[in-house]
């Protein structure tokens, strides 16, 4: 019968007739002993199963059974091989004879039959006498165990066929219960019930192991039948869901799980029953009685079969993984937070712009940390104040500089009022946002009734103990509200962004100061020069790129020199920042000083090189000069390196002398010709030293255009220098346009080439001094030349309609010519130049420079140069290739200048 115990244990029966032979043989007996019924009927069981040396005793026992006595015992037996393989052979279980005619031993190692049992009278039921007691006092179980495990004694002299038959024979151990019966005619017989002891012992062992696993398992164990009802539960399951294991009999999954989970589990159980496929680590969520905490279980399911292989249900093995799931969530949250912090470190602070840094923070947190976020910065911070102007009560004005949302583009209204980006606002005194700004601690903002947001954190942005603004992070309904871990992460993110914003603020301040310093050191926007039309442009890197960058060391200058000459200078200090700007200012000052000494361009650069080397030396210029006299390895990292091109233009001759210290070549555009780069030897940069500088003199035609510039105009990271130079030369196509328009055209054309470097551009159009504005005479070296010089000067000034200057000019010209006669050498040259001022020059071949001294009251001479200094606007001397030139300058009358009275000046000397 299905579901019966007989599906699991082997039970057989047969009956013995009055003659002691088998007269009935069941199918189970066939299966157990391996003997078909047609061969078993009429078989003597003693001859078949008992060893020859025990058969006599066994026959006596059989006689007692047929006389009405019951018997129970354990018998070892062998299933004989099929006759198809070995023929009929001897009787089953018979101990074969050996070659020497002696009887062999049975496989159990005993004396033959393996019978060990007890007997009882069928009539009285009294115990059998001592003769029926078990052999050697062994119990049934002991005998069974001995019979099951006793080794088979090797036979002596068996044949090969016998050995093969013994090996193929299957040993068995049976417990037999013999009951006397009576036939219709009153004769005695017996019924034998046989149980396979080995199978029974295996079942007992399996049951014990199953009970230990089921009852002692630390996991919840259920046995569910084919109708999805609980048939058995272990103590662990009952301890979780209450009651005893028996109380759960007949329950179903809907008694333990929520409806949705129960339906899913029921469908899975049916699938396991139908397919036999096991389910491993199925996660189920529910609640336990008396607790509202959501629990998580990991369930394993597999189909259970009967002894015949028929499915009888599903085994459920479940374990509580709530703590494991919580730990996994914590670990995942920690990994997510670490990844978020790592992302923040890589993405926040890449720009030194306040607004850009705020947007970088929101790019990190939305949507990885929150659904909406805003950043407010103090208005005073954005206005460039020295320190933020946040009031102690947290209600100072702020500007919303950034907003990000993963759910809506509408302005964020976490505090109840929507504020657009760029709007200036403030928080009420009692608001959570004001509290956060006031206390420098994060505060939770209550959600707006009926709004989209369910959880908001107002986090102050604190850098170096200073609150610079406020960040708000919000999560919408459906997201997990902010917890303590989220609060700590928000504070860390806001703090990192605040430090970057404060750094940007400090950088902006330094940049503005350096820019102010740099602009203060540059010439005015409209410099003037004799014989030149000047236009210039200076653009710091931030102005050209639209984002902050460090100020550079680019500079240019236009210096008026005596004799209506002009020095044009463009330079670039390598490096950036305030130090570069300061070094630029020092070099520019040095250039102006050297230029006023009227040195040649190459000599100016040589002296400037020494000064640049001194800027990087601890002892200054003198220490650098002494160090240059002894061998040393130059450490360029401690030297201020700079490039510079210095040009001196003479408006009378329209000749320009160039000297270059590692700078880009000047560009010249002659009327009707294409632009070309002048071949000026570049030399080494200033601050390197060791090499002289060369000069190149070029005659510039009238109307020619000269351009000096720095590398920021023609070179960037994306455009090589050669490409930029070609673009610059190509942009100078129409030099006849006004210079301001030419400058704008060049900058617009090369704007895409510009990177973060500064731009300095100086353009000059040549307008030589007209011939009628120059008076030039050569005087012999004789006393009469003084009178002639006065006459030449008077006539020329009258021709220029400068009669108010005649008397003063005659007096000063006679003084200079007299000095040339007394202290100079060679012939004397007098030259008058008229432009924006009147310049008088006296040339001679002497190399001794005149030196002004203070004459004593008793001295008759020595007051000539003092008189020149009193009556002229400026005077001086300079070396020339063939001697020297002494000059003075007088302002023109229409310029509004009041000339000094020569008589009063003379009297003031005494």
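In the working numbering, the protein residues as written are -15 to 894.
Backbone N, C-alpha and C define an ideal beta-carbon position, used for all residues, glycine too.
On a predicted model such as this, the values are computed, not experimentally measured, just so you know.
Could you tell me the alpha carbon to alpha carbon distance between residue 286 and residue 312, rounded to whole angstroms? 27 Å
Could you pull out every unbroken alpha helix (DSSP H) segment of at least 4 residues lying fully inside the segment 385 to 473, listed in chain order? As far as the segment 385 to 473 is concerned, its whole alpha helix (DSSP H) runs of at least 4 residues are 416 to 423.
Any chance the segment 340 to 355 sits against the segment 483 to 493, with 3 or more Cβ pairs inside 8 Å? Yes: at least three Cβ pairs fall under 8 Å.
What alpha helix (DSSP H) runs, 4 residues minimum, are completely inside the segment 199 to 273? 219 to 225 and 243 to 259
What are the start and end residues of the alpha helix (DSSP H) that includes residue 802? 790 to 807
Taking the alpha carbon of residue 784 as the reference point, which residue from 816, 792 and 761 has its own alpha carbon closest? With distances taken between Cα atoms, residue 784 lies closest to 816.
DSSP bridge partner residues for residue 727 (one or two, in chain order): Secondary-structure assignment with DSSP links residue 727 through no beta bridge to anything.
Where residue 166 falls, given that 16 or more other Cβ within 10 Å makes a residue buried: Flag for residue 166 reads exposed.
Residue 421 versus 361, 432, 385 and 309, residue with shortest Cα-Cα distance: 361
Other residues of its chain near residue 288: CB distance less than 8 Å, five sequence neighbours each side excluded: 207, 295, 296, 297, 298 and 299
Cβ distance (whole Å) where residue 856 is taken to contact residue 782 below 8 Å: About 20 Å separates the Cβ atoms of residue 856 and residue 782, ruling out a contact at the 8 Å cut-off.
Alpha-carbon spacing of residue 281 relative to residue 317, whole angstroms: For residue 281 and residue 317, the distance between alpha carbons rounds to 21 Å.
Helix, strand or coil at residue 186 [DSSP, three-state]: helix
Identify whether residue 164 lies in helix, strand or coil by the three-state DSSP scheme. strand
Secondary structure of residue 484, DSSP reduced to three states: helix
Candidates 706, 543, 698 and 640: which alpha carbon is nearest residue 681's? 640
Give me, in chain order, the residues of the same chain whose beta-carbon lies closer than 8 Å to that of residue 574; leave out the 5 immediate sequence neighbours on both sides. 591, 592 and 595
Nearest-angstrom Cα distance between residue -3 and residue 163? When the Cα atoms are used, residue -3 and residue 163 turn out to be separated by approximately 11 Å.
Look at the alpha carbon of residue 236 and the alpha carbon of residue 215, and state the distance between them as a whole number of angstroms. In this model, residue 236 and residue 215 are separated by some 10 Å (Cα to Cα).
Check for me: the beta strand (DSSP E) holding residue 280 runs from which residue to which? 279 to 289
I'd like to confirm the pairing. Which residues does DSSP put opposite residue 868 in its beta bridges? 828 and 863
My assumption, with CB atoms under 8 Å, is that residue 570 sits in contact with residue 545. Please give the rounded CB distance. Not really, about 21 Å apart at Cβ, beyond 8 Å.
Within 10 angstroms of the Cβ of residue 413, are there 16 or more other Cβ atoms? Answer buried if so, exposed if not. exposed
Here's the rule I'm using: 16 or more other beta-carbon atoms within 10 Å means buried, otherwise exposed. How should residue 271 be labelled? exposed
Integer-rounded CB distance, given that residue 426 should sit under 8 Å from residue 443: 4 Å
Roughly how many angstroms lie between the CA atoms of residue 227 and residue 306, to the nearest whole one? 22 Å
Using the three-state DSSP reduction, which class does residue -8 fall into: helix, strand or coil? coil
Look at the alpha carbon of residue 722 and the alpha carbon of residue 698, and state the distance between them as a whole number of angstroms. 22 Å
Test item: CB-CB of residue 540 and residue 705 under 8 Å: Cβ atoms of residue 540 and residue 705: not closer than 8 Å.
Alpha carbon to alpha carbon, how far is residue 118 from residue 290? Legend: pLDDT at residue 118 = 37, less than 50; position of this residue unreliable, no value from coordinates given.
Buried or exposed: residue 732, going by 16 or more other Cβ atoms within 10 Å of its Cβ? Classified as exposed, residue 732 has fewer than 16 neighbouring CB atoms from the shown chains inside 10 Å of its CB.
Have a look at 803, 241 and 683 and flag the residue whose alpha-carbon is nearest the alpha-carbon of residue 662. 683
Pull up the DSSP beta-bridge partners for residue 681, would you. 641
Return the chain-ordered list of same chain residues with a C-beta closer than 6 Å to the C-beta of residue 696, the five sequence neighbours on each side being excluded. 741, 742 and 743
Using alpha carbons as the reference points, say which of 632, 210 and 242 lies closest to residue 257. Checking every option, the nearest Cα to that of residue 257 belongs to 210.
For residue 835, three-class secondary structure by DSSP: coil
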